[in-house]
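If you're matching positions, the sequence shown starts at 40 in the numbering used here and goes up one per residue. Cβ atoms here follow ideal geometry from the backbone N, Cα and C, with glycine treated the same way.
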Amino acid sequence: MVRDRIIQTATRLFGSLGYDGTSTQLIADAAGVGVHTITRLVGGKRDIYVAVMTWASLAEKAVFDTAFTEFTHDRAGIHMLADRYLNFCVDNPEVPALWLHRWQSDATDITELEGLYVQPGLDRIAHALDGFVPPDLDIEYALWTVSWCIHGFCVGGVLNKNGRREGPRNSVFLRRFRAHLHQLVDRMLQVDQ
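Right under this line is the structure:
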């Protein structure tokens with residue numbers, strides 16, 4: 040309905056322009072509604088942003104909820120977790136874009152989101168990886184490394200031999216990135232082949 044359209048539109052705009060670069064008027068214009076409709080259905084700009092980040096975080100959580108029902112405590116299970124998150128980010132590029140904006144100090148006055156959504160997810164994955172973490176590995180940084188890599192690839196891609204950016208929509212580059220992601224995880228966790 041209209042509220043969903045507002046959230047979807049705001050998600051695209053916040054993902055493209057960031058919180059600081061997106062006005063409520065811009066969201067209203069792009070959604071084809073008046074500012075008063077947005078205010079009535081969602082609230083002010085901060086409320087819209089929190090609704091967008093809540094939606095994104097719940098969508099991410101749903102991916103992991105499903106993945107954890109199929110998780111096996113082995114190399115294949117670990118790859119499956121990484122693949123599911125990569126697939127989600129490929130299918131929803133606005134989500135990694137939202138997080139990249141936050142990591143660049145966007146919406147710094149909204150501080151509660153990471154504690155509500157990011158940390159519990161990291162803790163859940165770290166717990167699932169018990170037994171795979173070498174004593175000299177900082178699991179928090181290892182998980183952040185995987186997240187940074189996936190987000191960076193899905194939003195920015197990589198350069199091809201001609202110097203042009205190729206991203207996840209190019210199946211050859213996506214396949215190469217997935218293989219690299221598996222190798223990265225295997226080496227960080229020292230997972231047996």
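> With distances taken between CB atoms, is the gap from Y124 to V157 smaller than 8 Å?
Replying inline: The Cβ-Cβ distance between Y124 and V157 does not fall below 8 Å.
> Is DSSP giving R203 helix, strand or coil here?
Replying inline: Here R203 sits in coil by DSSP.
> With burial defined as no fewer than 16 other Cβ atoms inside 10 Å of the residue's Cβ, what is the status of G83: buried or exposed?
Replying inline: Exposed is the label assigned to G83, since fewer than 16 other Cβ atoms lie within 10 Å of its Cβ.
> Is it true that the CB of L220 sits closer than 8 Å to the CB of A121?
Replying inline: Yes, the pair counts as a contact, with Cβ atoms nearer than the cut-off.
>> DSSP has L182 in a bridge; who is on the other side?
In response: DSSP, once it has assigned bridges, lists no residue as partnering L182.
> Which residues mark the beginning and the end of the alpha helix (DSSP H) in which N126 is found?
Replying inline: Where N126 is concerned, the enclosing alpha helix (DSSP H) stretches over R114 to D130.
> Around the Cβ of S144, are there at least 16 other Cβ atoms within 10 angstroms (buried) or fewer (exposed)?
Replying inline: S144 is exposed by the Cβ-count criterion.
> In this structure, what does DSSP give as the bridge partners for V197?
Replying inline: E205.
>> My output table needs one value for M316: the three-state DSSP class, helix, strand or coil.
In response: This structure cannot speak to residue 316, because the chain is shown only from 40 to 232.
> Nearest to V197 by CA position, among W183, F212 and V185, is which residue?
Replying inline: Out of W183, F212 and V185, F212 has the C-alpha closest to the C-alpha of V197.
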